[in-house]
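*Asks:* Be aware that the first sequence starts at 395, since it is given in the numbering used here, and climbs by one per residue. Encoded as structure tokens, here's the structure I'll be asking about.
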Amino acid sequence: MSWTDERVELLKKMWSEGQSASQIAKELGGVTRNAVIGKVHRLGLSNRAGAEGAAPEAEAPAAKPVVEPTPAPEPVAARPEPAPEPVRAAPAQPVRPAAAPRPEPVAAAPATPAMRRPVVPAGQPLPPQPSLNEISPETLASVREVEKRSRKISLMELTERTCKWPIGDPATDNFYFCGLPSQPGKPYCEAHVSVAFQPMSTRRDRRR
DNA sequence: CCCTGATTCGC
DNA sequence: GCGAATCAGG
Numbered sequence: 395m396s397w398t399d400e401r402v403e404l405l406k407k408m409w410s411e412g413q414s415a416s417q418i419a420k421e422l423g424g425v426t427r428n429a430v431i432g433k434v435h436r437l438g439l440s441n442r443a444g445a446e447g448a449a450p451e452a453e454a455p456a457a458k459p460v461v462e463p464t465p466a467p468e469p470v471a472a473r474p475e476p477a478p479e480p481v482r483a484a485p486a487q488p489v490r491p492a493a494a495p496r497p498e499p500v501a502a503a504p505a506t507p508a509m510r511r512p513v514v515p516a517g518q519p520l521p522p523q524p525s526l527n528e529i530s531p532e533t534l535a536s537v538r539e540v541e542k543r544s545r546k547i548s549l550m551e552l553t554e555r556t557c558k559w560p561i562g563d564p565a566t567d568n569f570y571f572c573g574l575p576s577q578p579g580k581p582y583c584e585a586h587v588s589v590a591f592q593p594m595s596t597r598r599d600r601r602r
């Protein structure tokens, strides 16, 4: 493969969008990430400034939603939870549309204020969180076991090879993703695949 | 281990 | 110009 105008352009575009060299390489096909990086340098755009109106300077990833676990003044009855601190949406991660521009901001859900139960988080439509009553006791047990050993990784750390099973309440600090090695071709680790993909037969008679 | 970009250097 | 090998780091 050679660097045709088209390919170079796609390279420029993706690079300025913040895509990694390996991602760009995959997209282009026929080249390795090294080739991409090499080209990037030759083009003199190693300094990711490609995008226009981009932020002038000041590194600072800063935005760490690490809202300290509220000191919790026990007695207080009504605390309107003034700051629903959105759970920052994820920058382009997996999924690769041929070359479609895609605004990420998947508006985050403010999460409901009250809800202490260890079940059903303030979930969005995204990940499957089957109600506990439709999971076999054995499976549920193994899953809980696995969750103890999960890597507790953050959204940004997910890759095509990490289990993307969400654990915890997205509205709190205690939220993370399983992160264990995912089954080839599947988005989850073995344990989570078993609860995520249940045959219709086994999920029948779910008493309500 | 997975991944990132940066550099070097023979081709 | 190209990109594999290598380096340095997370």
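Cβ atoms here follow ideal geometry from the backbone N, Cα and C, with glycine treated the same way. Everything numeric in this text was worked out from a predicted model, so none of it was measured.
Please state whether DSSP places G438 in a helix, a strand or coil.
*Replies:* The residue labelled residue 438 in the question sits at position 44 within the first sequence. Three-state result, G438: coil.
*Asks:* Thinking C-beta only, is R538 closer than 9 Å to L574?
*Replies:* In the first sequence, counting from the first residue as 1, residue 574 sits at position 180. In the first sequence, counting from the first residue as 1, residue 538 sits at position 144. No, Cβ-Cβ distance for L574 and R538 is not below 9 Å.
*Asks:* List the DSSP bridge partners of I418.
*Replies:* Within the first sequence, residue 418 is the residue found at index 24, counting from 1. According to DSSP, I418 bridges with nothing at all.
*Asks:* Please classify H435: is it buried, with 16 or more other beta-carbons within 10 angstroms of its beta-carbon, or exposed?
*Replies:* Along the first sequence, read from residue 1 onward, the residue named residue 435 stands at position 41. H435 is exposed by the Cβ-count criterion.
*Asks:* Identify the residues that DSSP records as bridge partners of P560: which are they?
*Replies:* Residue mapping note: residue 560 aligns to position 166 of the first sequence, counting from 1. Answer by DSSP bridge pairing, in chain order: F571.
*Asks:* Between which two residues does the alpha helix (DSSP H) holding K406 run?
*Replies:* The residue given as residue 406 occupies position 12 in the first sequence. Unbroken alpha helix (DSSP H) run through K406: 399–410.
*Asks:* Have a look at the DSSP bridge pairing and note the partners of I547.
*Replies:* Reading the first sequence from its first residue, position 153 is the one you call residue 547. Answer is F571.
*Asks:* Looking only at its own chain, which residues have a Cβ that is under 8 Å from the Cβ of Y582, when we skip the five neighbours before and after it?
*Replies:* Working through the first sequence from its first residue, we reach residue 582 at position 188. Excluding sequence neighbours, Y582 sits near C557, K558, W559, C572, S576, A590.
*Asks:* In whole angstroms, what separates the C-alpha of I425 from that of V402?
*Replies:* To locate residue 425, count along the first sequence from 1; it is residue 31. To locate residue 402, count along the first sequence from 1; it is residue 8. First, the residue type needs correcting, since residue 425 is Val and not Ile in the sequence shown. Each residue's Cα considered, the two are about 12 Å apart.
*Asks:* Just verifying my parser: in three-state terms, what is the DSSP assignment at P581?
*Replies:* Sequence index remark: in the first sequence, residue 581 carries index 187 (1-based). The answer is coil: DSSP assigns P581 none of H, G, I, E or B.
*Asks:* Nearest-angstrom Cα distance between L405 and K542?
*Replies:* For the purposes of this step, residue 405 is identified with residue 11 of the first sequence, where counting begins at 1. For the purposes of this step, residue 542 is identified with residue 148 of the first sequence, where counting begins at 1. Rounded to the nearest angstrom, the two C-alpha atoms are 41 Å apart.
*Asks:* Do you know whose CA, among T533, D563, K433, I561, lies nearest M395's CA?
*Replies:* Taking the first residue of the first sequence as 1, we reach residue 395 at position 1. The residue with the shortest Cα to Cα distance from M395 is K433.
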